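Numbering-wise, the sequence shown is residues -23 to -1, 1 to 269 according to mature numbering (1 follows the signal peptide of the UniProt record, and there is no 0). Glycine included, C-beta positions come from ideal geometry on N, C-alpha and C. In this text the structure is predicted, and so the values were computed from the model without any measurement. Encoded as structure tokens, the structure appears first; notes follow it.
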Amino acid sequence: MKSLLKLLTLFFIVFTAQSPAFAVDANAAWQDDVAQLETVYGGRIGVSAWNTNDGQQLQYRENERFAMCSTFKLLLVANVLHRIDQKQEKLDRLISYDKSDILDYAPVTSQHLDKGAMTVAALSKATLQLSDNTAANLLLNTLGGPQGLTSYLRTLGDDTTRLDRIEPNLNSNLADDPRDTTTPEAMLFTLKTILLGDALSESSKQRLIHWLIGNQTGDDKIRAGVPSTWLVGDKTGSGANGANNDVAIIWPDAGQPYLLVVYYSGSERSKSEKNMVIEKISQSVSKAFSPE
């Protein structure tokens, strides 16, 4: 343990001794690698990453808009938990629904249709871990719809991210359409506020992180680019016109967590190839933030 602490201290001293020019050069070289992925696989990539250990950032097209697709569901559940913190909602409250509410992708809610209701907690878990679209819409209704969620984001200081439609229409990802979009930088800011800041009570924050760690849709994206012993909590998203996304909080074996936001749009490659692009970006960020 003492040896590990010495190594971490040495790394911190070396890093902080580096000139700003070195950091800029390192980021520029990393950006060149991301640009090469665009050249090879097509499409447009947006990345924003932040290392809580030393404040290092890696960014690419960080101020360009991308369709959130299902990554918005992390923000949605955070809003639900905020309302619980404010005594405006309860985890065990039952929300009723019927067959008319069931969308094409509803792996959890469709299995509970005979009961006609699920708790807020169960809907939140289904929304995050299996990206159940019906569950997401039911929760959105409790917030006042997309505008309600957008208003919550404004209270967090996020003036960029916006939700305009419900599932599944929010996944259209049309060119130059600002609806249902964010920027990598804005999403990173909001993730930092929600997951590492004081936007939620400690119990709600830990509940959200626990659900994210249990996500079952992201094994081939950010998670695939880091060592298997690392802990990852993420929320994926995909949509029309090549949209393929993942946002995550990642804990290396040693040190503090880092945040990674990856948005990818416009590629005509297969789903597995687009996932591989996100995996490669995750791998490059993990190496930059946790060098051996």
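Beta-carbon gap between residue i and residue j smaller than 8 Å
i           : j           : result
residue 161 : residue 140 : no
residue 83  : residue 110 : yes
residue 177 : residue 171 : yes
residue 213 : residue 45  : no
residue 240 : residue 43  : yes
residue 101 : residue 57  : yes
residue 198 : residue 250 : no
residue 263 : residue 203 : yes
residue 69  : residue 98  : yes
residue 223 : residue 207 : no
residue 21  : residue 247 : no
residue 276 : residue 53  : Within the shown structure, residues of the chain are numbered from -23 to 269, placing residue 276 beyond reach of any answer.
residue 105 : residue 221 : no
residue 219 : residue 245 : yes
residue 145 : residue 80  : yes
residue 168 : residue 227 : no
residue 163 : residue 137 : yes
residue 78  : residue 261 : no
residue 142 : residue 131 : no
In DSSP terms, what residue i is bridged to
i           : result
residue 227 : 209, 235
residue 95  : 72
residue 220 : Answer is none; residue 220 lacks a bridge partner.
residue 36  : 25
residue 43  : 159
residue 242 : 21
residue 214 : 222
Where the alpha helix (DSSP H) containing residue i begins and where it ends
i           : result
residue 248 : 248 to 266
residue 190 : 179 to 190
residue 129 : 123 to 132
residue 59  : 49 to 62
residue 119 : 110 to 120
Neighbour flag for residue i against chain B, beta carbons, 8 Å
i           : result
residue 126 : In summary, chain B is missing from the structure at hand, where a single protein chain is found.
Residue i beta carbon near the ligand SAH (any heavy atom closer than 7 Å)
i          : result
residue 95 : The ligand SAH is absent from the structure shown, which contains no ligand whatsoever.
message: Does the stretch 22 to 35 come into contact with the stretch 232 to 241, if we say contact requires no fewer than three beta-carbon pairs (one atom in each stretch) closer than 8 Å?
response: Result yes; three or more Cβ-Cβ pairs closer than 8 Å.
- prompt: Three or more C-beta pairs closer than 8 Å, one from the stretch 89 to 96 and one from the stretch 68 to 76: is that the case here?
  reply: Between the stretch 89 to 96 and the stretch 68 to 76, the count of C-beta pairs closer than 8 Å reaches three or more; the two stretches touch.
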